[in-house]
Amino acid sequence: MLTSCLLSVVAAGYRTEDVRPVENSATDEHEQLLAHVGSLIANVWCVALLAGAVSLAGTTSMRRHVNIRLGIDIACRAPHQASCADEHGEMLFIGHRFRTDPDDLEGLWARLPADAEVMVIMEPTRNAWVPLAAWFRRRGATVVMVPPEQSADLRAYYNKHAKTDRLDSKVLARLPLLHPEGLHREDALGPGEALKRAVKIRSGLVHRRTTSMARLDALLEIMSPAWVAALGSDMSLTALGFLERYGHPVKVKKLGKARLAEFFRRSSRGAWHHERAAAVMDAVEATVRLWGPDAMDFDALADDIAVEARLALAVSDEIKALDRRIAGLYEQVDPAGIVRSAPGVGRVGAPQIAGRLGDATRFANLAAIRSFAGLVPHQDSSGQAARAGGPTKAGDACLREALFIAADHARKIDPTIAARYHRLIVEGGKHHNSAVCTLAGVLLTRIAACLRNGTCYELRDTDGRLITEQEGRAIVAERYTIPPKTRQARRQVTAPTRQPR
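With this note's numbering, letter number 28 in the sequence shown gets 71, and the count goes up by one each step, no holes.
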């Protein structure tokens with residue numbers, strides 16, 4: 044009877060320290076019995092559940108410590124679905140439907156055990172996860188974000204031929220048992236953070252402006268290639284203002300060279316003057332001679348050019364206003380200017396890297412940070428053959444963009460980075476883009492190490508000597524200039540010998 048009583052206590056989930064004899068109630072016979080059993084079963088506290096012999100230590104100790112996992116399949120328009128599992132993977136409930144509404148969330152929370160430690164597992168579905176994560180954190184839950192690819196693979200294992208929201212939430216609830224090393228606590232708000240959101244918006248605006256400029260370039264080619272040569276392919280604000288008002292050859296001819304030169308001088312603050320006006324007038328003459336008097340409807344073409352120019356100018360104004368706001372947000376996130384101290388980063392790149400990277404200390408190591416940015420190579424191996432491909436590009440594209448641009452500038456300033464670039468191009472035979480991708484990973488690793496240590500970037504020569512930026516540029520120009528013939532040879536792009544699966 045004693046052994047069965049012991050198993051009942053253990054099976055009920057009570058800890059041995061929660062069970063103790065009742066003071067002044069155990070008889071000598073009971074004590075002998077307890078001692079006898081204790082000698083038979085080593086390292087196990089055996090208790091005879093005889094009437095009046097033992098008691099449970101208080102109502103608080105009676106409650107078993109419970110860890111539960113709440114898997115949530117997030118929907119953007121339809122209701123979310125939640126499934127709950129205990130620490131052993133047994134489902135407590137499946138397919139609870141709710142929306143991102145305080146009352147619905149309270150109803151879901153009421154279904155959970157009162158004193159349980161709750162881990163919420165979700166996929167980062169668009170921005171719908173942000174308010175949910177904030178609400179559960181306020182309730183004391185641990186929020187874990189899982190990459191969609193990871194949960195999709197496990198879901199395919201569970202059900203090969205069908206996908207259901209209930210299955211999604213069940214897989215997420217059981218993920219801590221199936222793949223515990225793949226869980227990473229998420230304490231940030233992602234798109235809910237102002238700087239992270241602002242730099243992403245700015246990057247999108249820059250791409251929109253680039254698209255408008257490319258369209259302007261194509262429209263000007265219709266009139267004559269001389270227009271692009273005269274105004275420049277970079278399409279400055281002065282060029283955009285000119286095209287908005289005078290994208291018509293006849294109007295430019297009526298304006299005259301003198302007034303056009305004065306317009307350029309005022310708009311560009313003296314950067315453009317008579318030389319640029321003369322080049323534009325030559326482009327007008329080439330257009331008239333090329334098309335003749337009536338072959339092209341220049342009025343309609345000028346209207347199209349004005350539309351694209353106005354769009355580019357409006358986007359430029361938005362970028363300018365956004366830059367002021369981003370500067371203030373960056374000072375709050377990185378008051379010491381650690382990211383900005385890195386070579387090649389600059390005023391625009393520093394907020395973009397800091398905002399998209401977030402807290403560098405949340406990663407397990409520096410390799411995880413490179414993986415987050417998608418700057419680790421594909422691995423393709425079979426048997427004794429192994430090949431490293433291009434970067435995975437599976438991380439944050441906005442962060443990777445800023446790092447690529449910064450690395451291309453850093454190779455002209457930092458001798459240690461320039462030495463690696465020189466080795467990759469000259470000895471390794473790499474294409475420029477491939478070499479800069481490697482440098483981007485190196486630069487990210489150094490920036491992250493500085494952030495984790497709380498120290499600014501130190502510019503050093505290859506022998507470890509501290510140098511200034513001017514000295515760094517001089518050293519790079521002297522030692523690590525790529526010969527023109529080598530540069531030309533490395534511009535050839537070779538197709539991969541084996542396509543990634």
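Just so it is clear, CB atoms sit at the ideal spot from N, CA and C, and this is done for glycine as well.
Note that the coordinates shown come from a computational prediction; the quantities given were computed from them, not determined experimentally.
Residue i versus residue j: straight-line alpha-carbon distance, rounded
i	j	result
Ala-445	Leu-262	30 Å
Gly-371	Pro-394	10 Å
Arg-308	Gly-299	14 Å
Phe-306	Ile-396	39 Å
Leu-409	Tyr-500	16 Å
Lys-455	Thr-511	13 Å
Gly-380	Val-109	45 Å
Leu-76	Trp-152	For Leu-76, the pLDDT reaches just 40, beneath the cut-off of 50, and the residue's location in the model is therefore unreliable, although a value from the coordinates is still provided. Cα to Cα, the separation comes out at about 46 Å.
Asp-337	Leu-238	53 Å
Gly-142	His-131	Looking at the sequence provided, one finds Arg at residue 142 rather than Gly. Going by the C-alpha atoms only, they are around 28 Å apart.
Glu-514	Arg-390	21 Å
Gly-471	Gly-275	36 Å
Asp-451	Val-376	25 Å
Ala-437	Gly-335	53 Å
Val-323	Lys-243	37 Å
DSSP three-state assignment for residue i, whether helix, strand or coil
i	result
Glu-133	coil
Pro-122	coil
Val-163	strand
Gly-284	helix
Pro-336	coil
Met-44	Summary for Met-44: the model assigns pLDDT 40, below 50, so the residue's position carries little reliability, and this model does not support an answer.
Pro-527	helix
Thr-498	coil
Val-382	coil
Phe-406	coil
Lys-473	coil
Arg-169	coil
Arg-147	Reading the sequence as shown, one finds Asp at residue 147 and not Arg. DSSP places Asp-147 in helix when its eight states are reduced to three.
Trp-270	helix
For residue i, the residue or residues it bridges with in DSSP
i	result
Phe-141	His-123
Ala-453	For Ala-453, which the question treats as bridged, DSSP gives no partner whatsoever.
Arg-503	Leu-509
Ala-128	Arg-112, Met-134
Pro-434	Pro-420
Where the alpha helix (DSSP H) through residue i begins and ends
i	result
Met-188	Counting along the chain, Met-188 falls outside any alpha helix (DSSP H), though it belongs to the beta strand (DSSP E) covering 185-188.
Leu-262	237-266
Gly-398	389-400
Pro-156	Run containing Pro-156: none; DSSP gives neither H nor E here.
Gln-375	341-376
Ile-460	458-465
Ser-311	300-311
Endpoints, the beta strand (DSSP E) within which residue i is located
i	result
Leu-175	Segment 172-181 is the alpha helix (DSSP H) holding Leu-175; no beta strand (DSSP E) there.
Asp-116	110-116
heavy atom of the ligand GDP below 8 Å from residue i C-beta
i	result
Glu-305	Ligands are entirely absent from the displayed structure, and the ligand GDP is therefore not among its contents.
- Query: If we count Cβ pairs, one from each stretch, closer than 8 Å, do we get three or more for the segment 264-279 versus the segment 458-476?
  - Reply: no
- Task: Mind the definition here: the segment 248-259 touches the segment 305-322 only if three or more C-beta pairs lie below 8 Å; say whether that holds.
- Result: no
- Query: How do the segment 398-414 and the segment 490-510 stand: do at least 3 beta-carbon pairs fall below 8 Å, yes or no?
  - Reply: yes
- Three or more C-beta pairs below 8 Å linking the segment 288-302 and the segment 341-348: yes
- Message: Count Cβ pairs between the segment 519-529 and the segment 433-453 that sit closer than 8 Å; are there 3 or more?
- Response: no
- Taking one C-beta from the segment 360-376 and one from the segment 479-489 each time, how about it: are there three or more such pairs within less than 8 Å? no
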